[in-house]
Amino acid sequence: MPIYEYVDTHSHLDMPEFDADRQEMLKRAFENGIKTIITTGIDIPSSQKAIDLAAANPAIYAAVGIHPQECTGVTEADFERLELLVKCEKVVAIGECGLDYYRDYSPRHTQMETFYHHLDLADQTGLPLIIHCRQAEEDVLKILSDWSAQSPASAGKGVIHCFSGSAETALKYINMGFYIGLGAYIGYPSSRKYHSAFAAIPLEHIVLETDCPFLPPQTHRGERNEPAYIPLTAATLAEIKNLGTNEVASATTANARRLFHLDK
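For the record, in the sequence shown the residue sitting at position 139 is 139 according to the UniProt record's numbering, with numbers rising by one throughout.
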């Protein structure tokens, strides 16, 4: 397989699954054309770890935020800490934030309150958002639509992480200015019902992600996911859209660099 340049726009490199071989894992990524990796916080400690990893490697950047499943027990001090973390060097996004009604680990009203804090932070900083939406599509769309209308200068910057939905829903996000994040799950048998939607999403509005160590490619199910597998996702998307892998690589990499201002 030819080696093209990629950006992994969503990973969790701080997680313990990588503790035994983190440097070897990164070496594999770079050997497979992954030029830049964004490692994403899910709470205050992991956000700090993301910043530390970014500081230690020129190819890594950080996103800081509080995942909707991690909202229980969040305090005002946590939000104040988050406001400090976003000012750190190499922080390029706010998130992972949003709503998750799949398991309801955190009360929905707490998730919403935390989500609004992230939106306020995006207003203050101009940084793009990394949005988590699981079985909460109606509420996320309404919140983002209202936010876009009220804050047009900063609204509409970000990515809908791990998108699985209709072409119509994707278009609603795109019309607000959001990119659509796609990962290796697009090659799962369970995702075939979304292939027509993935095919319809304009390539200029797509970025690639792993969500590693989660959601490995179909050929690696049961294993740990890692950034080196991004080319497999690009090849799958190219097949779905009847394009060359080089076209997918070039467009999605340019999209990621533009969205996260990685060439500054």
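The C-beta atom is built at its ideal place from N, Cα and C for all residues, glycine as well.
Buried/exposed call for residue i, threshold 16 Cβ in 10 Å
i           : result
residue 265 : The chain is shown from 1 up to 264; residue 265 falls before or after that span and cannot be answered.
Ser196      : exposed
Leu127      : buried
Lys157      : buried
Asp146      : exposed
Pro2        : exposed
Tyr102      : exposed
Gln124      : exposed
Thr9        : buried
Residue i - partner residues in DSSP beta bridges
i           : result
His117      : Bridge partners of His117: none, in fact.
residue 353 : Summary: the structure shown does not reach residue 353, with the chain confined to residues 1 through 264, and so no result is reported for it.
residue 269 : Since the first residue shown for the chain is 1 and the last is 264, residue 269 is missing from the structure and cannot be characterised.
Ile206      : Ile180
First through last residue of the alpha helix (DSSP H) which encompasses residue i
i      : result
Thr236 : 230-241
Asp211 : Careful: Asp211 lies outside any alpha helix (DSSP H) and carries neither H nor E.
Leu85  : 76-85
Ala20  : It is not in any alpha helix (DSSP H) - Ala20 carries neither H nor E in the DSSP assignment.
Element boundaries [beta strand (DSSP E), containing residue i]
i      : result
Arg134 : 129-134
Leu99  : 91-100
Asp263 : Looking at the DSSP string, Asp263 is not in any beta strand (DSSP E), and its letter there is neither H nor E.
Thr9   : 6-11
Distance CB(residue i)-CB(residue j) smaller than 8 Å
i     : j      : result
Met15 : Pro216 : no
Gly33 : Gly65  : no
Heavy atom of the ligand NAD within 7 Å of residue i beta-carbon
i      : result
Phe115 : Ligands displayed in this structure: none; no statement on the ligand NAD is therefore possible.
At 4 residues or longer, what runs of the alpha helix (DSSP H) sit wholly inside the segment 151-204?
167-175, 195-200
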